[in-house]
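Our numbering puts the first residue of the sequence shown at 5, with every later residue one more than the last. Built from N, CA and C at the ideal position, the CB exists for glycine as well. Keep in mind that this is a model prediction, so the values were computed, not measured. The block underneath contains the structure these notes are about, expressed in C-alpha cells.
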Amino acid sequence: MIVMKFGGTSVADRSAIERLIAIVRAARQAAIQPEATDWRGPVVVVSALGGVTDRLLSVAADAGSGNISAASDTLRSLRDRHLEVAGILEASDERPAVEAFIHEQFNELERLAGALSVLRDVTPRWLDAIAATGELLSSRIVAAALTAHGLPAAWVDARQVMVTSDDHGAAVPLMKETAAAVSSVVDPVLAERRVPVVGGFVGANTAGVTTTLGRGGSDYSAAVIGACLGASEIQIWTDVDGMLTADPRVISDVQVVPHLSFGEASELAYFGAKVLHPATILPAVAQNIPVRILNSRRPNDSVGTLITRERPTSDRPVTAVASKKNVTVVDITSTRMLMAHGFLARIFQVFEQHRTSVDVVTTSEVSVSVTIDDTRRLPEISAALREVADVTREDRMAIISAVGDGLQRDPSFVCDLLQAVRGIPIRMVSQAAARRNVTLVLRESDLEPALVRIHERFFGVPA
Ligand code: ADP
Ligand code: ASP
Ligand code: MG
Numbered sequence: 005m006i007v008m009k010f011g012g013t014s015v016a017d018r019s020a021i022e023r024l025i026a027i028v029r030a031a032r033q034a035a036i037q038p039e040a041t042d043w044r045g046p047v048v049v050v051s052a053l054g055g056v057t058d059r060l061l062s063v064a065a066d067a068g069s070g071n072i073s074a075a076s077d078t079l080r081s082l083r084d085r086h087l088e089v090a091g092i093l094e095a096s097d098e099r100p101a102v103e104a105f106i107h108e109q110f111n112e113l114e115r116l117a118g119a120l121s122v123l124r125d126v127t128p129r130w131l132d133a134i135a136a137t138g139e140l141l142s143s144r145i146v147a148a149a150l151t152a153h154g155l156p157a158a159w160v161d162a163r164q165v166m167v168t169s170d171d172h173g174a175a176v177p178l179m180k181e182t183a184a185a186v187s188s189v190v191d192p193v194l195a196e197r198r199v200p201v202v203g204g205f206v207g208a209n210t211a212g213v214t215t216t217l218g219r220g221g222s223d224y225s226a227a228v229i230g231a232c233l234g235a236s237e238i239q240i241w242t243d244v245d246g247m248l249t250a251d252p253r254v255i256s257d258v259q260v261v262p263h264l265s266f267g268e269a270s271e272l273a274y275f276g277a278k279v280l281h282p283a284t285i286l287p288a289v290a291q292n293i294p295v296r297i298l299n300s301r302r303p304n305d306s307v308g309t310l311i312t313r314e315r316p317t318s319d320r321p322v323t324a325v326a327s328k329k330n331v332t333v334v335d336i337t338s339t340r341m342l343m344a345h346g347f348l349a350r351i352f353q354v355f356e357q358h359r360t361s362v363d364v365v366t367t368s369e370v371s372v373s374v375t376i377d378d379t380r381r382l383p384e385i386s387a388a389l390r391e392v393a394d395v396t397r398e399d400r401m402a403i404i405s406a407v408g409d410g411l412q413r414d415p416s417f418v419c420d421l422l423q424a425v426r427g428i429p430i431r432m433v434s435q436a437a438a439r440r441n442v443t444l445v446l447r448e449s450d451l452e453p454a455l456v457r458i459h460e461r462f463f464g465v466p467a
C-alpha cells in the first residue's frame, strides 16, 4: 500500500484537484489488480490549498495587532476560495455537508480572530489552532471530491491520528501513540476499501489540543503515517519533477536527480531543499520505506526521484546542492576558556536550553562559530554565553551545501568547490568525517553568484 502526499500547489484549485483525482484513481486501480498482493489504499495526505497557510498566519498577525478588518477581509476571501473549490463536488450528496463544514470552520476563525484582536497576544497555541484549519478544510474537500468522482474515500481528522508532543508550531509525532491511533482510525477505512484522506501538518497533543508539525510538515505527516501502516512507498507529489540538482528558484538549468540515498535526501532537505521537509526521511529510514518525489502536473511524463537506503553509484561526486538564506552566524570567542575542559559542552547546552538548533559548526583555538535559523531566543542565548565569552552575530548569511555519497571517494572535492567560488568571501567551511557533504557559509548577497558557479562547475554541460 502506498501513501500519497499532495502539496499546496497540487490541491491549489479545482483543476489541481482534478489532476489529483486522476492520479489517485490510477493508484487505486493498480492496488486492486488481480496480481496485486495488497488491495488496500492508497492513503492520501494533503496540504492546505496553495498559499492558505501563509494567509491564515497573516490573519493571526493582523488580528493580534488589532487590525481586525484586515483579518476579516482575508477570512472572507479564503471562505469564498474554499467554497469555489468545493464547487468540484457539483451535485454530489456530499456538497451540503462540506459547505456547512467550510462555514463552520470560518465562523470559528472569525471568532478566534475577534478574540485575538481583544487579547493582542498571539500564542503558539492560537497560531496552531488557526493554521491547522487549512489542512482540515482541504482534506475534507478532497475526500468528498474523490467520492463524488467515483472513488470511495473517507475524511480522517488528522487530530485523531497524529499524536504529538506539546511543542506548538514544531510538534514532534509520538510514534507509539500515533501508530495505535492510525490502526484504530485508518485501518477500518482501508478495510472498507475506501481511500482515507488526512490533512498533513496537523496533529493534537495527548490532551487533544491541536498542534502543527512546523512549516512544510505535511511531508513529515505522510512519512509518519506511512511508517505506522508499513507502507510499501511514500510518494510526495509536488510542483517540480523531483529533487533537482539545485534550487530552481535560483538556478535555471537544473536537472532531476533520479535516485538519492536516504542520507543524501536528509542532508539536502536539512540544508534547504524545500521540496522535502527535513524530518520526512526519518520514519522512512526506520522502516526502510522508499520515498518518491513526483510532479502532480506531469504524472505520466516525469519519472521523479526515488529515495532508498542505497543508490546506484554514479560518476559524479556531488548529487545535488542545497541552499538556504536567512541564516545567522554566531561567533563565540574566548581566549581564557576555549581550551578549558567542558567549554564546548557549556556552549551547546545554552543553545539546547533555549531550544535553538545549531546547523553548521566550526571551531578554532579561540573561537566557535555556529549558524542558526531561528534567532528568536538569540538575545537570551547571547546573554548566557557572555558570562564566559565574547559573542557577535552576523545576520543575512546563507548556506550552500554540496551533497553526495560520492564525495567520500573524491579526496580533492573541497579544493574543487572552493576553486569554483574563488573571489567570493566564505565565512565558514565544514566537511564532516563521513564526507557526505561540504558546507559553505557566506553572505546572502553572494549566494546566487556562488550557486551559479558551483552548479556550472559540477553540473554544467561540458563545452
Ligand atoms: P509542496 O507545496 O508540494 O510541499 P514546496 O513548495 O514545499 O511544495 O516544495 C517544492 C518547491 O521546493 C519547488 O517548487 C522548488 O521551488 C523548491 N526547491 C528548492 N530546492 C529544491 C530542489 N533541490 N529540488 C526541487 N525543488 C526544490
Ligand atoms: N500547509 C503547511 C505549510 O504551508 C504544511 C505543508 O504544506 O506541508 O507549511
Ligand atoms: Mg512542502
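For residue i, which beta-bridge partners are listed by DSSP?
i	result
His263	Leu310
Val433	Leu444
Lys328	Ile403
Ser371	Thr337
Ala67	Answer by DSSP bridge pairing: none, since Ala67 is not bridged.
Pro200	Ala158
Ala208	Val167 and Thr214
Val295	Ile238 and Ile311
Thr396	Asp335
Pro177	Thr168
Express the C-alpha separation of residue j and residue i in angstroms, rounding to a whole number.
i	j	result
Ala133	Ile428	44 Å
Lys9	Ala135	18 Å
Val258	Leu272	15 Å
Ser143	Asp335	45 Å
Gly234	Val47	12 Å
Val322	Phe463	9 Å
Ile311	Gln37	25 Å
Arg32	Ser416	49 Å
Leu113	Ile106	11 Å
Arg302	Val122	47 Å
Glu369	Thr337	9 Å
Ile240	Arg296	6 Å
Ala74	Thr127	19 Å
Going by C-alpha distance, which of the options is nearest residue i?
i	options	result
Pro282	Asn304, Leu217 and Asp170	Leu217
Gly204	Asp161, Val189 and Ala393	Asp161
Pro252	Ile27, Glu452 and Ser188	Glu452
Val201	Asn209, Ser222, Glu39 and Ala211	Ser222
Ala393	Thr339, Leu116 and Arg163	Thr339
Asp4	Gln109, Ala349, Val7 and Ala16	Residue 4 lies beyond the stretch modelled for the chain, which goes from 5 to 467, so this question has no answer here.
Arg461	Arg440, Ser449 and Leu422	Leu422
Gln435	Ala454, Ala235 and Leu411	Leu411
Ile458	Leu116, Val418, Arg439 and Thr13	Val418
Asn209	Ala185, Asp77 and Ile240	Ala185
Leu24	Ser51, Val374, Tyr224 and His358	Ser51
Ala152	Val199, Gly173, Val193 and Ala174	Val199
Val333	Val372, Phe352 and Ala183	Val372
Trp130	Ser62, Ile21, Asn304 and Ala34	Ser62
Gln109	Glu98, Pro128 and Asp84	Asp84
Ser449	Lys328, Gly154 and Pro383	Lys328
Arg431	Gly207, Glu398 and Ala437	Glu398
Thr215	Ala158, Asp171, Val189 and Val193	Asp171
Taking the CB atoms as reference points, tell me whether residue i and residue j lie closer together than 9 Å.
i	j	result
Gly11	Ser306	no
Phe347	Ile385	no
Thr443	Phe275	yes
Gly118	Ala195	no
Ala226	Val28	no
Ile145	Leu60	no
Gly246	Gly308	yes
Ala402	Val445	yes
Met5	Asp42	yes
Ala35	Gly45	yes
Leu141	Leu53	yes
Leu455	Val254	yes
Ala65	Ala101	no
Arg413	Arg447	no
Please go through the same chain and pick out, in chain order, the residues whose beta-carbon is closer than 8 Å to the beta-carbon of residue i, but skip the five residues on each side of it.
i	result
Glu103	Leu87 and Ala90
Glu314	Ser265
Ser69	Arg124
Gly212	Arg163
Val407	Glu268, Glu271, Leu272, Phe275, Val322, Thr323, Ala324, Val325, Ala326, Arg440 and Asn441
Asn71	Ser121
Here's a check: name, in chain order, each residue in its chain whose Cβ is nearer than 7 Å to the Cβ of residue i, leaving out the five neighbours to either side.
i	result
Thr360	Ile376, Asp378, Arg381 and Ile385
Val176	Thr168 and Ser169
Regarding residue i and the ligand FMN, is the C-beta to nearest heavy atom distance less than 8 Å?
i	result
His281	In the structure on display, the ligand FMN does not appear, and the ligands it does have are the ligand ADP, the ligand ASP and the ligand MG.
Once you ignore the five residues that flank residue i on each side, which residues in its own chain have a CB closer than 6 Å to its CB?
i	result
Val56	Gly138
Ser405	Phe275, Ala326, Asn441 and Thr443
Pro287	Ala227, Val228 and Ala231
Asp363	Thr375
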